[in-house]
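This is how it looks when you write it as structure tokens:
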């Protein structure tokens, strides 16, 4: 009995600090003069979160911060949004906007009370993302599956490594028509390789307004637009093609050796709100929350099957490429330099796998002359001192589109799976530039192509149709008369090409 009594006392003593934590509430904040530039956030919405952790409760939502989530006392805001603002009549709960430091050292548990339980109820998260293709912030919204227990839905926000900035997102419960995709598996039996799943949100899409490159745009009035019954019917008619394309694309990308470090459930959003084939949207919060968007109007056009499949693998390549980019999600979502050359060249090159091994000739022809005439060396210094300008980003992007044939030329010599080596070398490089990665990549395979005037073979192979069978010398001559230089003068190619591009007359 004494032993049992001692154990009970010890057990109670052990439980005291745990119980204390469970009932600790975060304190409100009296002074918000040092808060980030977050518009329309009331003083009463802010809470102090100590390093020891606590729980914030507001209305039906609760956020639990474990000890060590923040290394120092931090501030978190929870703002109740207007009913119907995010998901209209499909909302099951109130929606809340959360503003918190972008670096958290532990997962944060989020619970929302609900009197209703149904298979189509999901957390809907709405946040700002970044489209590298359009160099703009956009509103991204997607469903996340939670668990239901005793009147409460729960999800966990993963730990984030984003530096010192604050991030904000809206979250709540809504009815969502969601199609679960196939489990795409992983490339290898490796603890460092995440499992990949995907799902399609088919009955809503965010308004694709371009918000520009501003640090804290107010996106509260950007609700979700829901598909009409006619749009739904058009979508479901083409969905089998989309499903096959997604499965084939992920399988091919993994076959090429690309992987992700953490488990993923990729949100693929189909929306009629954007007149584009599709886009990859980089999350500012965490890579796991990045999304793909497929434009409904382009998707359902009868003659766009190949274009849709090319779009799917192009944007999925960006999703996987992002995992090799060591910058924080916040930095990847807005600060872009010459890495756009690697991103776009790899994505355009990968489109061939959705069209019987044929590169996208019509698209490449628009940008190949620019790539050959400017040359990588010129591009690297063209806008020195203005690395983040929109003009500079667009130039790097176009260089990437035009560089896809170079990747095709190199992989014919080094193997299809060698492109992932290029990204691995870029990932490890100290200066992380396209140019150093290309040099290291070629050198690894015994080539000095980028160390001297050894570009000739690529150029001759290109004009002879040996790199892209769809390009013949007459076509190449015609497109070579494009205008490229700053003075607006057109230039023709000469026979000999330098290490990084063709010299101009």
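Residue numbers (this note's numbering): 389 to 893. We treat Cβ as the ideally placed atom computed from N, Cα and C, and that holds for glycine. As the structure is a prediction and not an experimental result, all values here were calculated from the model.
Among the options, which residue has its Cα nearest to the Cα of residue i?
i	options	result
residue 712	414, 646, 438, 564	646
residue 521	721, 454, 655, 561	721
residue 686	794, 554, 623, 852	623
residue 742	616, 782, 630, 462	630
residue 615	570, 815, 470, 683	683
residue 829	801, 740, 694	801
residue 658	700, 853, 739	700
residue 549	459, 644, 434	459
residue 857	759, 706, 745, 582	745
residue 554	717, 544, 471	717
residue 455	542, 467, 492	492
residue 642	584, 757, 667	584
residue 513	620, 655, 783	655
residue 747	665, 759, 795, 757	795
residue 799	813, 644, 677	644
residue 894	681, 853, 558	With the chain covering only 389 through 893, there is no way to say anything about residue 894.
Tell me, to the nearest whole angstrom, how far the beta carbon of residue i is from that of residue j; I am working on the premise that it is less than 8 Å.
i	j	result
residue 511	residue 561	6 Å
residue 709	residue 731	5 Å
residue 461	residue 438	5 Å
residue 895	residue 793	Past the boundaries of the shown model lies residue 895; the chain is included only from 389 to 893, so the question cannot be answered.
residue 738	residue 696	Not confirmed; about 15 Å, so no contact.
residue 650	residue 517	Incorrect: roughly 18 Å between the Cβ atoms, too far for contact.
residue 499	residue 540	5 Å
residue 822	residue 752	Residue 822 to residue 752, Cβ: 18 Å. No contact.
From the DSSP output, in three-state form, read off residue i for me.
i	result
residue 700	helix
residue 770	In this prediction, residue 770 scores a pLDDT of 45, lower than 50, which makes its location untrustworthy; the coordinate-derived value is nonetheless stated afterwards. Note: residue 770 maps to coil in three-state DSSP.
residue 667	strand
residue 867	Because the pLDDT at residue 867 is just 38, under 50, the model does not fix this residue reliably, and the point stays unresolved.
residue 828	helix
residue 717	helix
residue 627	helix
residue 708	helix
residue 822	helix
residue 458	coil
residue 811	helix
residue 393	With a pLDDT of 36 at residue 393, under the threshold of 50, the predicted position of this residue should be treated as unreliable, though the coordinate-derived value follows. Residue 393 falls in the helix class under three-state DSSP.
residue 784	helix
residue 646	coil
residue 511	strand
residue 796	helix
residue 676	helix
residue 539	coil
residue 563	strand
residue 747	coil
residue 741	helix
residue 516	strand
residue 463	strand
residue 468	strand
residue 587	strand
residue 855	coil
residue 688	helix
residue 482	coil
Exposed or buried, which one is residue i when buried takes at least 16 other CB atoms within 10 Å?
i	result
residue 547	exposed
residue 537	exposed
residue 377	Lying before the first or after the last residue shown, residue 377 is absent from the chain, which here runs from 389 to 893.
residue 503	exposed
residue 628	exposed
residue 556	buried
residue 825	buried
residue 803	exposed
residue 632	exposed
residue 833	exposed
residue 815	exposed
residue 805	exposed
residue 568	exposed
residue 750	exposed
residue 727	buried
residue 714	exposed
residue 508	exposed
residue 505	exposed
residue 787	buried
residue 754	exposed
residue 790	buried
residue 570	exposed
residue 625	exposed
Checklist entry - Can we say the segment 516-532 touches the segment 476-489, given the rule of at least three CB pairs closer than 8 Å? => result no
Next on the checklist: Would the segment 562-570 count as touching the segment 469-488 if we require 3 or more Cβ pairs under 8 Å?
Outcome noted: Yes, the segment 562-570 is in contact with the segment 469-488.
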